[in-house]
Structures are given as C-alpha cells and as structure tokens.
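Notes for the one structure printed next.
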Amino acid sequence: MAENRNETGRLAPPRHIAIIMDGNGRWATRRGLPRTAGHKAGAETFRNIATYCKNIGVKYLTVYAFSTENWKRSETEVSAIMALLKKYLLEAVDTMERDHIRLHFFGDMTPIAPELRVLARETDEITEHLSKDDFQANVCLNYGGRDEILRAARRFAEDCAAGKRRPEELDEAAFSGYLDSAGIPDPELMIRPSGEQRLSNFLLWQCAYSEFYYTDVLWPDFDEAELDKAIAAYHARDRRFGGVKK
Ligand code: IPE
Ligand code: IPE
Ligand code: MG
Numbered sequence: 018m019a020e021n022r023n024e025t026g027r028l029a030p031p032r033h034i035a036i037i038m039d040g041n042g043r044w045a046t047r048r049g050l051p052r053t054a055g056h057k058a059g060a061e062t063f064r065n066i067a068t069y070c071k072n073i074g075v076k077y078l079t080v081y082a083f084s085t086e087n088w089k090r091s092e093t094e095v096s097a098i099m100a101l102l103k104k105y106l107l108e109a110v111d112t113m114e115r116d117h118i119r120l121h122f123f124g125d126m127t128p129i130a131p132e133l134r135v136l137a138r139e140t141d142e143i144t145e146h147l148s149k150d151d152f153q154a155n156v157c158l159n160y161g162g163r164d165e166i167l168r169a170a171r172r173f174a175e176d177c178a179a180g181k182r183r184p185e186e187l188d189e190a191a192f193s194g195y196l197d198s199a200g201i202p203d204p205e206l207m208i209r210p211s212g213e214q215r216l217s218n219f220l221l222w223q224c225a226y227s228e229f230y231y232t233d234v235l236w237p238d239f240d241e242a243e244l245d246k247a248i249a250a251y252h253a254r255d256r257r258f259g260g261v262k263k
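Last residue of the sequence shown: number 263 in my numbering, and the count goes up by one each step with no gaps.
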C-alpha cells in the first residue's frame with residue numbers, strides 16, 4: 018500500500034499530483050453551450066482544486082492546460098483559452114503572495130503571446146520571493162512530453178559543445194535537471210478525468226512510476242470529493258517500483 022502517515026496519524030496526501038484537465042468541451046456541448054464555456058468552467062475547477070490541494074498539504078500540483086497539439090483547434094477556441102489564462106495570471110499576480118502560492122510554467126513559451134509571457138515572467142519573479150516550502154502549482158502551457166525531452170537533450174548537447182559538460186556525465190539525475198520539472202519530485206499520482214485513458218503527451222519522463230487514476234467525471238464537474246476518491250485509490254495501491262514486497 019502507498020501508506021504514508023503524517024504526524025497526526027492521518028494518511029498523508031501524495032506530495033505531487035498531476036492532472037490532465039480534460040472534458041471541458043464535452044461538458045459544454047452536453048449543456049448546449051459553446052466549448053469555450055467549458056474552458057471557463059474548467060478554469061474555475063482548477064482554482065478550487067489548487068486551493069484544496071494546498072489546504073490538505075499537497076506540495077506540488079501540475080496541470081495540463083494546453084498541449085503542443087492543441088494548436089490544431091479553431092482560432093476561436095485557442096484564443097478563448099489564452100484569454101482565460103491571461104485573466105488567471107492577472108489575478109495570480111495580485112493574490113499569490115498573499116495566499117503563498119508559487120506558480121511555475123512547464124512548456125515552450127516561445128510561441129505564446131508576448132503579453133502572456135510578460136505575465137508569466139512576473140509570476141516567476143513573485144515565486145522567487147516565496148518560500149520553497151510553499152505550495153506550488155505548475156501550469157503546462159504549450160507543453161508536450163516529447164518536446165520537453167527534446168528541448169532538454171538540445172540544451173545538454175549545447176552544454177557539451179560549449180565544454181561545460183561531458184556526454185559520459187549524463188545519468189537520470191543529470192538529465193532530469195534539464196527538464197522543465199528540474200528540482201521537482203516526480204508525481205506519485207496522475208489523474209485523468211473525462212473517461213479517456215491515455216497520456217496525450219503529458220509528463221512522459223516524470224510519470225515512469227506514477228499511479229494512474231481515471232474517472233468518467235468531466236473536469237468542470239471534478240470537485241474536492243473526487244480528489245479525495247483519487248487519493249484514497251492511490252493509498253490502496255501497492256507501489257513496488259520493480260521490487261518484491263517482503
Ligand atoms: C481540456 O478539455 C482542455 C484542453 C485540452 C485545452 P477539452 O477541450 O479537451 O474537452 P473535450 O475533451 O473536448 O471534452
Ligand atoms: C490533453 O487533452 C491536453 C489537455 C488537457 C490540455 P486533449 O483533449 O488535447 O487530448 P486528446 O486529444 O483527447 O488525446
Ligand atoms: Mg479533450
């Protein structure tokens with residue numbers, strides 16, 4: 018079992034939870050609403066779940082907000098998602114210091130609109146001033162697991178070419194240090210709502226030994242009780258990491 022009790026004898030939640038925030042479009046379509054209404058509702062769910070994670074003592078929450086493949090969607094949908102991100106970032110700039118929420122981005126920010134990048138840089142600066150012990154939300158934006166690995170490999174190769182590194186120095190720990198998730202432990206629990214049972218290019222390197230939890234609930238309907246269910250399922254898992262239970 019993934020038993021891990023805290024000082025009060027209660028089962029400690031996973032230190033790092035990753036969520037593929039999926040099902041916004043279907044949620045809206047079922048209500049006869051435009052898909053963008055689903056993204057709006059999904060952004061609200063993210064706010065609630067992040068607050069809940071912080072309150073129950075989760076240290077890192079990594080969410081998939083926009084993949085390297087999501088650019089295939091209509092211009093209307095992509096700009097609605099970007100506008101929601103901007104709104105969220107503007108709020109975050111005002112509240113993260115007060116609420117002790119560190120915010121970090123995973124993904125290639127190069128094709129992201131300059132105004133969003135400026136806001137992301139601002140939240141990074143605020144995060145720098147917050148304590149390393151504070152709750153941290155990682156938002157994956159224009160993120161793809163393969164793209165992250167390629168960018169890391171490229172940077173390592175550049176360091177080798179510049180004489181700062183030697184190829185034989187590369188091991189798992191050194192390579193992890195080149196990823197967007199550098200310094201952050203791997204997620205113990207990976208949640209995907211909406212009934213899909215695939216990774217869709219999320220955290221390919223980091224979830225080598227994550228426990229996967231799937232639910233048919235659509236992301237805008239995902240609430241605290243659903244997260245409790247996922248954590249309870251995680252606690253019932255037998256994590257062996259390739260070994261044999263004594
Ligand atoms: C997840 O919800 C949000 C993004 C991918 C940006 P979807 O928009 O994929 O919702 P469904 O899967 O179409 O219901
Ligand atoms: C994954 O969901 C990306 C995000 C939730 C941001 P998608 O809806 O894009 O994935 P597929 O297309 O169902 O695999
Ligand atoms: Mg989807």
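From the three backbone atoms N, C-alpha and C, an ideal C-beta is built for every residue, glycine too.
LYS76, buried or exposed, once every other Cβ within 10 Å from all chains shown has been counted against 16: Burial call: buried.
THR140 versus ASP150 - alpha carbon distance: When rounded, the separation of the alpha-carbon atoms in THR140 and ASP150 is 17 Å.
heavy atom of ligand 1 below 7 Å from ASP39 C-beta: At least one heavy atom of ligand 1 is nearer than 7 Å to the Cβ of ASP39, so yes.
Proximity test, ARG47 beta-carbon vs ligand 1 heavy atom, cut-off 7 Å: no
Inter-residue spacing [alpha-carbon to alpha-carbon] between HIS252 and LEU28: 8 Å
Residues that DSSP places opposite GLN223 in a beta bridge: Bridge partners of GLN223: none, in fact.
Pair within 8 Å by beta-carbon distance, GLU61 and LYS103: no
Cβ neighbour criterion (16 or more within 10 Å) applied to VAL261: Label assigned to VAL261: exposed.
Start and end residues, beta strand (DSSP E) containing THR79: 77-84
Proximity test, TRP88 beta-carbon vs ligand 1 heavy atom, cut-off 7 Å: no
Option in LEU158, ASP188, ARG64 and GLU92 with minimal Cα separation from PHE239: ARG64
Cβ-based burial, ASP197 [other Cβ within 10 Å; buried from 16]: buried
Start and end residues, alpha helix (DSSP H) containing ALA199: Element bounds for ALA199: n/a, residue is neither H nor E.
Extent of the continuous alpha helix (DSSP H) run through ALA97: Taken as a continuous stretch (DSSP letters only), the alpha helix (DSSP H) holding ALA97 covers 92-116.
Sufficient close CB pairs (3 or more, under 8 Å) joining the region 165-179 to the region 88-102: no
LEU211 CB to nearest heavy atom of ligand 1 below 7 Å: The sequence given here has Ser at residue 211, not Leu. Indeed, a heavy atom of ligand 1 lies less than 7 Å from the Cβ.
Secondary structure, beta strand (DSSP E): runs of 3+ residues fully inside the region 173-260: 206-209 and 228-231
Nearest neighbour of PRO30, chosen from ARG257, GLY259 and LYS246 [CA to CA]: LYS246
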